[in-house]
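Peer 1:
Numbering (our numbering), first residue to last: 71 to 400.
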């Protein structure tokens with residue numbers, strides 16, 4: 071038993087001696103000039119970074135989103151981190167930063183600085199996996215709808231002893247949703263028309279959303295018998311974000327021979343959707359038309375006819391008067 075223990079202890083001593091010899095050699099290689107051949111034997115490191123979810127579609131305004139970031143740090147053999155010879159290997163510092171992001175987006179990292187712990191066995195190579203989280207949200211309704219924006223993250227592992235620095239990057243794609251926001255300058259009209267009359271009305275529509283829209287005005291229900299509304303110039307009107315356009319429609323009252331006095335509240339509806347995406351609709355805006363129809367029955371003889379008759383009567387009277395005057399002089 072004593073012989074076996076002695077042999078085992080001898081093997082352990084030889085292993086530690088071998089480790090220290092390799093460590094000493096690595097230290098010599100580490101402090102050698104960069105342009106020396108020994109400098110070519112520095113330990114290499116590799117850094118990888120990946121987002122658990124890297125594509126977010128139709129993200130709503132001010133809704134906070136987040137995903138996990140996985141950082142994998144590995145190094146090769148003969149790696150001697152700082153503090154190794156004091157039996158206290160220093161961890162490798164890994165810094166994460168936001169390299170770029172859309173102006174309409176806020177991004178926050180849960181941790182910007184990570185540490186990859188090193189051990190006395192690091193000389194044989196190894197790897198460490200670390201995690202953190204990234205949070206982001208769209209803060210401006212001007213974010214272009216259904217267009218990709220990219221968050222670029224960069225991680226850098228600092229040089230540690232004779233272990234070279236390394237870096238990695240990853241992208242997270244954000245696609246803002248359609249943010250509908252439409253205003254009209256007038257949502258109520260009051261008209262008094264007689265049978266046979268017509269009137270053109272207009273509504274100024276402002277697109278405050280983040281996508282081009284297609285807007286239309288149509289009656290919201292069946293029209294009264296004598297009323298017709300022509301919306302030819304108020305249908306399928308394209309309006310860019312931040313633009314104002316006027317939609318015009320014509321109200322017509324059919325001819326009616328009898329006396330009439332009616333009042334109708336006619337609901338109209340301004341509807342719109344994102345251009346090229348009919349399924350993306352905004353909330354419709356109601357427009358009320360307060361319409362009064364007043365009319366008297368038309369006389370049997372029209373005004374024009376009465377004027378002609380009156381003219382003929384006057385002419386006949388003048389002729390008769392002249393004839394009487396002529397006779398009296400004779």
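Ideal Cβ positions, reconstructed from N, Cα and C, are used throughout, including at glycine.
Give the C-beta separation of residue 159 and residue 186 to the nearest angstrom, bearing in mind that I take them to be a contact with Cβ-Cβ under 8 Å.
Peer 2: Not really, about 11 Å apart at Cβ, beyond 8 Å.
Peer 1: Could you check the C-alpha separation between residue 241 and residue 292 for me, to the nearest Å?
Peer 2: Roughly 54 Å between the two C-alpha positions.
Peer 1: Less than 8 Å separating the beta-carbons of residue 284 and residue 252?
Peer 2: Not a contact, by the Cβ cut-off of 8 Å.
Peer 1: Mind checking whether residue 310 and residue 282 have CB atoms under 8 Å apart?
Peer 2: Closer than 8 Å, so yes.
Peer 1: Smallest Cα separation from residue 131: which of 278, 324 and 212?
Peer 2: Comparing Cα positions, the closest option is 212.
Peer 1: Can you look up residue 380 in the DSSP assignment and give me helix, strand or coil?
Peer 2: DSSP places residue 380 in helix when its eight states are reduced to three.
Peer 1: I'd like the ranges of any beta strand (DSSP E) spanning at least 3 consecutive residues and lying wholly in the segment 133–175.
Peer 2: The segment 133–175 contains these whole beta strand (DSSP E) runs: 135–145 and 162–170.
Peer 1: Could you give the distance in angstroms between the alpha-carbon of residue 337 and the alpha-carbon of residue 295?
Peer 2: Approximately 15 Å, taken between the alpha carbons.
Peer 1: Where are the beta strand (DSSP E) runs, 3 residues long or more, that stay fully inside the segment 309–393, in chain order?
Peer 2: List check, beta strand (DSSP E) in window: 314–323, 330–344, 347–351 and 355–365.
Peer 1: Quick check on DSSP: helix, strand or coil for residue 397?
Peer 2: It is helical.
Peer 1: How is the beta strand (DSSP E) around residue 207 delimited, first residue to last?
Peer 2: Run containing residue 207: 196–208, per the beta strand (DSSP E) assignment.
Peer 1: Would you say residue 184 and residue 221 are within 8 Å of each other, going by their C-beta atoms?
Peer 2: Result no, Cβ atoms of residue 184 and residue 221 do not sit closer than 8 Å.
Peer 1: Between residue 202 and the rest of its own chain, which residues show a CB-CB distance below 6 Å, the 5 nearest in sequence each way excluded?
Peer 2: Excluding residues within five positions, the ones whose Cβ falls inside 6 Å are 139, 180 and 181.
Peer 1: Look at the Cβ atom of residue 207, then the Cβ atom of residue 270, and state whether they are nearer than 8 Å.
Peer 2: Their beta carbons are not under 8 Å apart, which means residue 207 does not touch residue 270 by this criterion.
Peer 1: Are residue 328 and residue 262 closer than 8 Å when you measure CB to CB?
Peer 2: Result no, Cβ atoms of residue 328 and residue 262 do not sit closer than 8 Å.
Peer 1: Quick one, which of 190, 166 and 170 has its alpha-carbon nearest residue 149's?
Peer 2: Nearest option by C-alpha distance: 190.
Peer 1: Run through DSSP, which three-state label would residue 101 get?
Peer 2: Unreliable placement is indicated for residue 101, whose pLDDT of 49 sits below 50; no coordinate value is reported for it.
Peer 1: Which word fits residue 119, buried or exposed, when buried means at least 16 other C-beta atoms lie within 10 angstroms of its C-beta?
Peer 2: The residue is buried, with at least 16 neighbouring Cβ atoms inside 10 Å.
Peer 1: Please work out which residues of its chain come closer than 8 Å, Cβ to Cβ, to residue 307, disregarding the five sequence neighbours upstream and downstream, and give them in chain order.
Peer 2: These residues qualify, in order along the chain: 275, 284, 285, 286, 315 and 317.
Peer 1: Out of curiosity, what's the CA-to-CA distance linking residue 204 and residue 239?
Peer 2: The straight-line gap from Cα to Cα measures roughly 14 Å.
Peer 1: Do you know offhand how far residue 359's Cα is from residue 334's?
Peer 2: Those two C-alpha atoms are separated by around 8 Å.
Peer 1: If you draw a straight line from the C-alpha of residue 384 to the C-alpha of residue 377, how long is it?
Peer 2: Cα to Cα, the separation comes out at about 11 Å.
Peer 1: Whose C-alpha, out of 331, 124 and 144, is nearest the C-alpha of residue 192?
Peer 2: Closest option to residue 192, Cα to Cα, is 144.
Peer 1: If you draw a straight line from the alpha carbon of residue 260 to that of residue 122, how long is it in whole angstroms?
Peer 2: The alpha-carbon atoms of residue 260 and residue 122 are separated by roughly 59 Å.
Peer 1: What whole-angstrom Cβ distance do residue 172 and residue 219 have, given they're in contact under 8 Å?
Peer 2: So it is a contact: roughly 4 Å between Cβ atoms.
Peer 1: Only counting the same chain, and skipping five residues up and downstream in sequence, which positions put a Cβ closer than 6 Å to that of residue 146?
Peer 2: Cβ within range, chain order: 113, 114 and 195.
Peer 1: In chain order, what residues of the same chain lie with their CB nearer than 6 Å to the CB of residue 63, ignoring the 5 residues before and after it?
Peer 2: A query on residue 63 cannot be resolved here, the shown segment of the chain reaching from 71 to 400 and no further.
Peer 1: Which residues bound the beta strand (DSSP E) around residue 287?
Peer 2: Residue 287 -> beta strand (DSSP E) spans 283–289.
Peer 1: The beta strand (DSSP E) spanning residue 217 covers which residue range?
Peer 2: Careful: residue 217 lies outside any beta strand (DSSP E) and carries neither H nor E.
Peer 1: Report buried or exposed for residue 396, applying the criterion of at least 16 other Cβ atoms within 10 angstroms of its Cβ.
Peer 2: Exposed: under 16 other Cβ atoms inside 10 Å.
Peer 1: Considering only C-alpha positions, which residue in the set 297, 273, 199 and 280 is nearest to residue 214?
Peer 2: Looking at the Cα atoms, 280 is the closest of the given residues.
Peer 1: To which residues does DSSP link residue 233 through a beta bridge?
Peer 2: For residue 233, which the question treats as bridged, DSSP gives the partners 113 and 230.
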